[in-house]
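First up is the structure itself, then whatever we jot down about it.
Numbering (this note's numbering), first residue to last: 35 to 555.
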């Protein structure tokens, strides 16, 4: 039910950000996509016409409208156009195969699929795997003609708790689940992101984070709220990222550690010394060595931590002025921590199996539990999974962490990735950080394999830096300077590329399944 509005409070919705920016920054460039540019006034018009087009093909309030597109203007517009039509936005992972897409379309009960022309064939294949009656709208020249003729439509929600979007989890631990975002949560999270990340009307944001992932951490709405400029980048290739950084004088971008590592290692990498390039890093804990390499290039790292279920960034490693006096290595260790709750997160705790807080000693490991304005409404059509994830009003993230005495959170591992060898816990994150400090290692993933005597033992899969070779015995000997003997991987195998999710997380499940093919036995 809508809330009591006796005090003339208006429902919070990120849709109002675009209405305001079209008024305040109407002639300012809002979106750059290749050779095309649109002002904020034009972005509002196109989004409203997209809503009108959707209504004209039968979309009703509450219907689910899916979008299959890379980081293009279509995705930016859909973050406003679909909800302007009163519909629920379902952004689809462009890296999924047609059968996986079909399962999401069926589960979300989508009525329309908006599609980038390059993915039209994939959409048709997905439709072949579903019996649902879904209309396909391809954003080609015909779409542009329909858009021009459509009557603008802008429907704002009566209830800020209404579902705004469905975001499907990566499915690395099972079938993907549809995470429900509300208008209120997205509105507040957008403001929190701008506050912590320093996005203003002068900001130029480069889209390296997929907009289909957690609605791009709410940045389609956040950058719009600030009146900044969206620079669309359909594919993330390090050389093209650096070219865009220079051409558009980019001030902000987001990256998983794997993406940041590839940017720092690319031959096109160079020092940014005429402005601040702020990079928000999330998706996995970055190694201190990687943070040091980025700092050398003049990149200002903001480390974030979050999940699909928390609208993206939940915690931020807020920098303290007193840390400026520390040496660079000490600063890198502090920057690698996940930090404290953002300004709208009610509280972050680390709890034991009974739900009690563990000591804030930086050593005792527990599971991260959170609640606040940026926690999902629940899983769509899955009350059992919702109840399991939120057993007592606190969402359990599945991440194992410690709480430091200064109340800064530090992730030790995913619960499913902790390695138990001879009764001793080994953090794969700790071993990966040690490996990343080796000069010949670009990326590293550590997984557990069954062992007859120890139960489990760690093994490592790494990608070498360009031109380097990796010797397992040499690296294992080198690790003895930074790790206890029982934590050192039994073997180190080099591969050309590690398998990753769309958000840049390494697919450890796939590595475990493929271990035999890597030649490690």
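Ideal placement from N, C-alpha and C gives every residue a C-beta, glycine not left out.
The structure presented is a predicted model; accordingly, all values stated were derived computationally and were not measured.
Please state whether DSSP places residue i in a helix, a strand or coil.
i           : result
residue 94  : coil
residue 205 : Unreliable placement is indicated for residue 205, whose pLDDT of 49 sits below 50; the coordinate value is still reported in the next sentence. Correct three-state label for residue 205: coil.
residue 539 : coil
residue 372 : coil
residue 188 : coil
residue 274 : helix
residue 28  : There is no way to answer for residue 28, as the model of the chain reaches only from 35 to 555.
residue 548 : helix
residue 212 : strand
residue 353 : coil
residue 148 : strand
residue 142 : helix
residue 500 : coil
residue 55  : helix
residue 132 : helix
residue 479 : strand
residue 487 : coil
residue 155 : helix
residue 163 : coil
residue 77  : helix
residue 339 : strand
residue 394 : coil
residue 123 : strand
residue 358 : helix
residue 363 : helix
residue 388 : coil
residue 519 : helix
residue 263 : strand
Under 8 Å by Cβ, that's how I've got residue i and residue j pegged, so tell me the actual separation to the nearest angstrom.
i           : j           : result
residue 299 : residue 476 : 6 Å
residue 309 : residue 327 : No, residue 309 and residue 327 are not in contact; Cβ-Cβ is about 19 Å, not under 8 Å.
residue 226 : residue 376 : 5 Å
residue 493 : residue 524 : 6 Å
residue 335 : residue 369 : 6 Å
residue 276 : residue 314 : Contact flag wrong, Cβ pair sits at about 18 Å.
residue 307 : residue 332 : 6 Å
residue 181 : residue 118 : No, residue 181 and residue 118 are not in contact; Cβ-Cβ is about 13 Å, not under 8 Å.
residue 262 : residue 242 : Going by Cβ atoms, the distance from residue 262 to residue 242 rounds to 15 Å, so no, they are not a contact pair.
Exposed or buried, residue i, counting other C-beta atoms within 10 Å across all chains shown (16 or more means buried)?
i           : result
residue 444 : buried
residue 380 : exposed
residue 185 : exposed
residue 92  : exposed
residue 44  : exposed
residue 58  : exposed
residue 360 : exposed
residue 484 : exposed
residue 280 : exposed
residue 125 : buried
residue 207 : With a pLDDT of only 44 at residue 207, under the threshold of 50, the placement of this residue in the model should not be trusted, and no figure is reported.
residue 228 : buried
residue 312 : buried
residue 168 : buried
residue 85  : buried
residue 46  : buried
residue 542 : buried
residue 68  : exposed
residue 231 : buried
residue 520 : exposed
residue 305 : exposed
Going by the CB atoms, is the gap between residue j and residue i shorter than 8 Å?
i           : j           : result
residue 148 : residue 171 : yes
residue 123 : residue 52  : no
residue 395 : residue 439 : yes
residue 214 : residue 410 : yes
residue 120 : residue 95  : yes
residue 264 : residue 404 : no
residue 479 : residue 464 : no
residue 112 : residue 78  : no
residue 237 : residue 260 : yes
residue 320 : residue 291 : yes
residue 426 : residue 434 : no
residue 563 : residue 83  : Since the displayed the chain opens at 35 and closes at 555, residue 563 lies outside it and no answer follows.
residue 316 : residue 351 : no
residue 267 : residue 105 : yes
residue 526 : residue 509 : yes
residue 244 : residue 138 : no
Mind checking if residue i is an interface residue toward chain B, Cβ cutoff 8 Å exclusive?
i           : result
residue 474 : Structure shown: chain B not included; a single protein chain is present.
Exercise for review: Write down every uninterrupted run of the beta strand (DSSP E) in the stretch 401-471 whose length is 3 residues or greater and which is fully enclosed by it, in chain order.
Suggested key: 429-437, 443-448, 453-455 and 458-460
Point to revise | Complete runs of the alpha helix (DSSP H) confined to the stretch 225-255 [at least 4 residues] | key: 248-251
Exercise for review: Could you pull out every unbroken beta strand (DSSP E) segment of at least 3 residues lying fully inside the stretch 281-317, listed in chain order?
Suggested key: 286-289 and 311-315
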